[in-house]
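These notes concern the structure reproduced below.
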Amino acid sequence: MISFLTEPLQYAFMVRGLLAAIFVGIVCAVVGTYVVLRGMAFFGDALSHAILPGIAVGYLVGGGARESLFWWALITAILTSIGIGAISRSTKIKEDTAIGIIFAGAFALGVALISTVRSYTVDLTHFLFGDVLGARPADLWLTFIFGGVILITIFAFYKEFLVLSFDPILASTLRLPANLLDFLLIILIAVAIVVSLQTVGVALMVAMLVTPAATAYLLTRRLPVMMALGATIASVSGIIGLYLSFYLSIASGAAIVLTCTAFFFFVWSVQSIRQRFSSKKTVVPADQG
Amino acid sequence: MAFIEELRKTSHHWIREHYPHEPNTPILEAKNLSAQYETNIALEDISFDLDKGERLAVVGPNGAGKSTLFKIIAGVLQPTSGEVHIYGHEPSGHICIAYVPQRTNVDWNFPVTIADVVMMGRIGKLGLFRNPKASDWEMVNHTLEIVGLSQLAKRQIRQLSGGQQQRMFIARALAQEAELMLMDEPLTGLDTRSQEEIFRIMDQLRNQEVTILISMHDLRLASENFDLVMLLNHKIISMGTPDKVFQPKYLEAAYGSHLALFPTDQGEIAFEDTCCDKGEPYR
């Protein structure tokens, strides 16, 4: 039994993959708490897809080398989030439509660029679905540094983000710089996506942002607990997912996301069943208007 | 330029510099306020003053511009023309204004407790990178006591009744040390007992000279509980004591056909518009 757990750890790539998956899980779940509470799942999904052309350009410029891709992704993510904000603010188009336009257009551009390289399918697959077992020590360091910055920022602005998410009008009467804080949150989401690219890839990214945080949302009534629970669920899913990937030979990113999804459905069904059997306990305000 | 404006707001917050309160100025002064969004005129040429400690009930049909007026006074919306002065300065520099939201505009599933929500009122005073101190929690507990919610402080907000939800927001405004409270339809959808509870708390606040603007639909409650009422339908139809304002000619001008006038032994009495009967959710 113990050898079942230790055997994969003989491989350095497996250890690096586990470390990356655990840390990415924590970062994504904490940022994802706000994505879930503020209904930004579609934005997160779009942003991660829109990074693809940036990666593609870096990939073509570097002749297939991976070293600089992180920075290309980071710059694209930040530019895209600014672009979406500008379009939705300056025209009559609603924000989700603006997101849809940029999202699909950028993604198509990325696929088109990568397809100009003859052996593109393998690399494209890695960008789309992640390649956590291919993480090099340098990648791991970037993940730790940028993920750490994200966590520190979220904690530093904890009460401001809380007010802004719960009651924007209060934020305004308290004279908090609401637009700056909104922008900061978007940048944090963008960086979290870039940090997690290698783990789950652009196509599955939104699951890391949303699923563990949503699972925690079902379980708690306090924000700090929701962050901590989400982080725990995400990192445990990362570990289980990688073991599944190792023993069953399934794609690592997909295995991690599937584990997160399984957690969600487990919690959701247990709660649904419990609610059905103890419907007396639920408090329904009599005069809620 | 919007960025610079934001930076300025930020610096206000960081060094916690507020506009001074000029002596001998009314707490609230609205001068020729107009607001127009796209082609809809929401407010037209609104002018009035309120002194410290006064309590004004704003009544008028749905869509009369009550929420817009309150948000402009709070400094959340900008008027198309005209000015609002709080103690002689524009509202955007003040954190002594509290806006109590309509209950239907709140996400009651948000993972916060009652104490968490009330603590949000302290954040303007705390400033960036500072955590609540023991004195802030004392303030929260004290305001929860005033509104009678101490027992429920650790509950998630969804577990409150409508009246309790409204009292929680009053506690938050008190924790904010607000001198001007803007309450947007706090009574809509509440039962009589909960409404009385809110009036009881408001009477307590009278001693602390908190100035209150409240919007409501029930003309009878407005005339029973307030010395000062405003009849609003985009313009101020009339403002003053209830017996002066609630006269058939003004009421008809404000409500048109939505109003029922009934003769009684004390003369004609007007009843509220038909849109928001008791218990029916406000949309």
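First to last, the sequence lines map onto chains D and C. Sequence positions in the first sequence follow the numbering used here and run 1 to 289. Sequence positions in the second sequence follow the numbering used here and run 1001 to 1283. Just so you know, even glycine gets a beta-carbon here, dropped at the ideal spot from N, CA and C.
By the C-beta criterion, the segment 59-73 of chain D is judged not to be in contact with the segment 217-232 of chain D, since fewer than 3 inter-stretch pairs fall below 8 Å. Against chain C, the CB of D:T173 has a partner CB under 8 Å away; the residue lies at that interface. For C:Y1099, at least one C-beta of chain D is nearer than 8 Å to its own C-beta. The three-state reading of DSSP puts C:G1060 in coil, since its state is none of H, G, I, E or B. Along the segment 151-175 of chain D, going in chain order, the ones with a CB nearer than 9 Å to a CB of chain C are A156, F157, Y158, K159, E160, L162, V163, S165, F166, D167, P168, I169, L170, A171, S172, T173, L174, R175. With respect to the C-alpha of D:I187, the residue from D:C28, D:I101, D:I78, D:V194 having the closest C-alpha is D:I78. Bounds of the alpha helix (DSSP H) holding D:G58 are 52-61. DSSP places D:S252 in the uninterrupted alpha helix (DSSP H) bounded by 252-277. DSSP places C:T1080 in the coil class of the three-state scheme, outside both helix and strand. Taking 8 Å as the CB threshold, D:T220 lines the interface with chain C. Cβ-Cβ distances below 6 Å link C:E1083 to K1031 in the same chain, with the five nearest sequence neighbours on each side left out; the list follows chain order.
At a cut-off of 8 Å between C-beta atoms, D:M40 does not count as an interface residue with respect to chain C.
With respect to chain C, the C-beta atom of D:Y11 has no partner C-beta closer than 8 Å. Under a 10 Å Cβ-count criterion, D:D131 is classified as buried, with 16 or more other Cβ atoms of the shown protein chains found around its own Cβ. If you look at C:Q1036, you'll find it isn't in any alpha helix (DSSP H); it sits in the beta strand (DSSP E) that goes 1028-1037.
For C:L1182, the enclosing beta strand (DSSP E) starts and ends at 1180-1184. Between D:P8 and D:L219, the alpha-carbon positions lie close to 32 Å from each other. Beta-bridge pairing by DSSP links C:L1043 to C:A1035. Close to chain C, meaning a Cβ-Cβ distance shorter than 8 Å, are the following residues of the segment 14-44 of chain D: L37. Neighbourhood of C:I1123 in chain D, by CB distance below 8 Å: K159, E160, V163, L174, L176, in chain order. Interface residue (Cβ-Cβ distance to chain D less than 8 Å): C:P1111 is classified as such. The beta-carbon distance between C:G1148 and C:R1167, rounded to whole angstroms, is 7 Å. This is short enough to meet the 8 Å contact definition.
For C:A1074, the closest Cβ of chain D is nearer than 8 Å. Ranked by Cα distance from D:S119, the first of D:L60, D:I99, D:A20 is D:L60.
Under DSSP, the beta-bridge partners assigned to C:A1098 are C:M1181. If you draw a straight line from the Cα of C:G1060 to the Cα of D:L223, it comes to about 39 Å. The segment 1071-1091 of chain C and the segment 1233-1250 of chain C do not touch, with fewer than three beta-carbon pairs separated by less than 8 Å. Pairwise C-beta distances place the segment 233-252 of chain D out of contact with the segment 171-186 of chain D, as fewer than three of them are shorter than 8 Å. A direct Cα-to-Cα measurement between D:F13 and D:L244 gives close to 15 Å. Residue environment analysis places C:G1127 among the exposed positions, since fewer than 16 neighbouring C-beta atoms fall within 10 angstroms of its C-beta. A straight-line Cα-Cα distance of about 32 Å links C:V1106 and C:F1246. Taking C-alpha positions only, C:Q1204 is separated from D:R274 by approximately 43 Å. Fully enclosed alpha helix (DSSP H) runs of no fewer than 4 residues occupy 223-248 of the segment 202-251 of chain D, in order along the chain.
For the pair D:A112 and D:G105, the Cα-to-Cα distance works out to about 11 Å. Listed along the chain, the chain C residues whose CB falls inside 9 Å of the CB of D:L223 are F1110, P1111, V1112, D1116.
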